[in-house]
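Below is one structure, written out as structure tokens, with a few remarks after it.
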Amino acid sequence: SDDDEYIYIKDPSKKMQDIREYMEQKRVCSLGIRWRMFGSSYHDYPPPAGSYISNYLWRGPLFSEATNTTRNKMMTGKAKYELNDPFFGKSIRLLANTTTDGCGNHWCTECSTVGMHSCAPFESPSKPGRPPVTGYCRNLDIDERILISDKNLQIMYFGYKSSHEWQEKKRRGRFGGVRSQAGYVPPEYDSVFDDRLVRSTEERLSKLKNKELAACLNSALLGADFKRKM
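If you're matching positions, the sequence shown starts at 597 in our numbering and goes up one per residue.
Set out below in structure tokens:
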């Protein structure tokens with residue numbers, strides 16, 4: 597993932613190595629993971645302390661959580677600013693199982709040639725057919741016990757950050773065809789409270805036996821002065 601994308605695994609006892617082994621077991625060499633896209637969390641400027649994880653706790657809705665009006669606004673904004681699809685995600689791949697660079701951003705054309713599958717076990721109404729949700733892939737999302745289902749594996753994407761950073765992106769020409777540099781992050785991306793990544797990170801760090809390492813990771817991932825406010 598990029599430095600503003602974090603993979604969230606619901607089960608705190610699991611790690612990325614478990615995901616890899618499970619993908620091998622299920623013969624999946626490319627797995628689409630749906631993201632949760634976070635907005636500004638009402639920050640006009642970057643917070644002086646802390647990290648994305650601890651400071652950005654409001655995100656946009658999933659397709660199933662959004663009204664038709666909200667869906668239309670988000671998709672209109674996507675087209676206007678040439679943004680990532682708010683209801684899609686990206687893939688992780690077992691490239692060791694392929695012999696050429698036949699894997700695209702969300703689709704691995706070579707999977708079938710090595711007897712494996714390229715899957716996105718969730719429906720993508722805004723991107724029908726890319727990748728197709730085959731019967732095999734759909735069955736991976738039947739219940740929560742399946743490790744690589746959308747219920748258990750997600751990408752927390754902090755793409756907007758503060759309103760100032762959003763405007764700076766536009767000023768640098770990050771978004772094609774955009775005339776105005778003013779304006780806040782679209783409010784749709786600050787409509788759902790979601791602190792699961794904070795809670796999951798805290799829980800994982802609390803289980804580390806090496807307290808010095810735990811303190812270092814706490815500073816890096818949550819911020820040196822981070823204190824849980826509930």
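Beta carbons: idealized from backbone N, C-alpha and C, even for Gly. This structure is a prediction, so every number in the text was calculated from the model and none was measured.
From the options, pick the residue whose C-alpha is nearest to that of residue i; which is it?
i: lysine 606; options: Asp681, Val794, Asn806, Lys676; result: Val794
i: tyrosine 756; options: Pro642, Ala810, Arg616, Thr665; result: Pro642
i: tyrosine 626; options: Lys765, His639, Tyr648, Gly711; result: Strictly speaking, residue 626 in this sequence is serine, with tyrosine absent from that position. When only C-alpha atoms are compared, the closest one is Gly711.
i: alanine 662; options: Pro682, Lys747, Ala811, Glu678; result: Pro682
i: aspartate 599; options: Ser647, Gln621, Glu764; result: Ser647
i: isoleucine 590; options: Cys715, Gln763, Glu761; result: The chain is shown only over 597 to 826; residue 590 falls outside these bounds and no answer can be derived.
i: arginine 792; options: Arg655, Tyr618, Ile629, Tyr638; result: Arg655
i: tyrosine 638; options: Asn814, Glu784, Glu798; result: Glu784
i: asparagine 748; options: Asn680, Ser796, Leu690, Glu761; result: Ser796
i: glycine 628; options: Asp746, Asn806, Met670, Asp790; result: Asp746
i: isoleucine 751; options: Trp762, Glu761, Asn806, Asp790; result: Asp790
Run the CB neighbour count on residue i, radius 10 Å, all protein chains shown included, and call it buried at 16 or more, exposed below.
i: aspartate 786; result: buried
i: threonine 672; result: exposed
i: leucine 809; result: exposed
i: threonine 665; result: exposed
i: glutamate 764; result: exposed
i: lysine 686; result: buried
When the Cα atoms are used, what is the spatial distance from residue i to residue j?
i: glutamine 613; j: leucine 817; result: 20 Å
i: serine 660; j: valine 788; result: 13 Å
i: lysine 610; j: asparagine 668; result: 36 Å
i: leucine 804; j: isoleucine 603; result: 19 Å
i: isoleucine 688; j: serine 650; result: 25 Å
i: leucine 653; j: tyrosine 677; result: 23 Å
i: glutamate 620; j: alanine 675; result: 36 Å
i: arginine 616; j: lysine 766; result: 37 Å
i: serine 815; j: glutamate 798; result: 11 Å
i: glutamine 777; j: asparagine 680; result: Residue confidence for glutamine 777 is low, a pLDDT of 46 falling below 50, so the modelled location carries little weight; the figure read from the coordinates is stated next. Taking the straight line joining both Cα atoms gives about 19 Å.
In chain order, what residues of the same chain have a beta carbon less than 8 Å from the beta carbon of residue i, not counting five sequence neighbours either side?
i: arginine 623; result: Gly711, Met712, His713
i: glycine 819; result: Ala645, Gly646, Ser647, Ser650, Asn651
i: leucine 658; result: Arg630, Arg632, Phe683
i: leucine 813; result: Leu801, Leu804
Please go through the same chain and pick out, in chain order, the residues whose beta-carbon is closer than 6 Å to the beta-carbon of residue i, but skip the five residues on each side of it.
i: tyrosine 753; result: Glu601, Trp631, Met633
i: serine 759; result: Ser636, Asp640, Tyr780, Val781
i: arginine 800; result: Pro608
List, from N- to C-terminal side, the beta strand (DSSP E) runs of 3 residues or more that fit wholly inside the segment 598–627. With a minimum length of 3 residues, the continuous beta strand (DSSP E) runs that stay inside the segment 598–627 are 601–605.
Segments of 3+ residues assigned as beta strand (DSSP E) that fall wholly inside the segment 640–675: List check, beta strand (DSSP E) in window: nothing returned.
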